[in-house]
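Structure first, then comments.
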Amino acid sequence: MNFTAIDFETATGHHPCSVGIVTVENGVIVDEFVSLIKPPNNEYNPFTIRVHGIYPKDTVNAKSFFQIYPEIEKRLKNRVVVAHNESFDRNVLMKTMLLHGLNYEDLNIAAKWECTVKIYKAKGFKPTKLSDCCKEMNIQLNHHEALSDARACAKLYMLR
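Going by the UniProt record's numbering, the residue at position 38 of the sequence shown is 38; the numbering climbs one at a time, nothing skipped.
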């Protein structure tokens, strides 16, 4: 079982302010990566701050998406990618790459990623929020912390 789980937290719209990535090889977590990301103009929506607790002061000196992209690329390229509500995280990645002139196709990953929301919905879970699935499956979670969310998603995917 080889795959990579990813989670973005966003500042506004599709502009990420944090990313967590967990790499799984043969059913074992072998790498974890987390980084704050300075969004364009370091602007935030007050709603997103309430969700994840990341403030402009936290990212004022953080690297831009373009600067951390090599770390993202080396973990995603040619991999099965998993996310909880994959369309959200996939769109964040695709739109942010486009904004920075990066070609999503170069990652050589599926057009639609594996989605733990869909997997657990099919298993009859209601609701299927990450926190609810983790509670049901007894997975530790510090919700809306990118690395914790990515790690929890990886564990849910391994237990599917």
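Where is the CB? At the ideal position from N, CA and C, for every residue including glycine. These figures come from a predicted structure and were not determined experimentally.
May I ask whether a heavy atom of the ligand MG can be found less than 8 Å away from the beta carbon of residue i?
i     : result
Lys77 : With respect to the ligand MG, the structure offers nothing, as it holds no ligand at all.
Just to confirm, is the Cβ distance from residue i to residue j under 9 Å?
i      : j      : result
His14  : Lys95  : yes
Pro46  : Thr10  : no
Val80  : Cys153 : no
Gly20  : Ala110 : no
Thr23  : Val30  : yes
Thr128 : Lys121 : yes
Phe66  : Phe8   : no
Leu93  : Ile37  : no
Leu98  : Leu76  : no
Met1   : Met137 : no
Thr116 : Leu130 : yes
Glu32  : Arg151 : yes
Is there at least one Cβ from chain C nearer than 9 Å to residue i's Cβ?
i     : result
Phe66 : Absence of chain C from the displayed structure is noted, only one protein chain being present.
In terms of alpha-carbon separation, which member of the options lies closest to residue i?
i      : options                          : result
Lys57  : Cys115, Glu43, Leu102 and Asp7   : Glu43
Lys118 : Asp106, His100, Asn103 and Glu86 : Glu86
Tyr69  : Asp149, His143 and His100        : His100
Thr4   : Asn26, Thr48 and Asn91           : Asn26
Arg50  : Thr12, Val60, Ser64 and Lys63    : Thr12
Which one or two residues does DSSP pair with residue i in a beta bridge?
i      : result
Ser35  : Val19
Cys153 : DSSP lists no partner for Cys153.
Ile54  : According to DSSP, Ile54 bridges with nothing at all.
Ala122 : Paired residue(s): none; Ala122 is not in a bridge.
Ile49  : None, per the DSSP bridge assignment.
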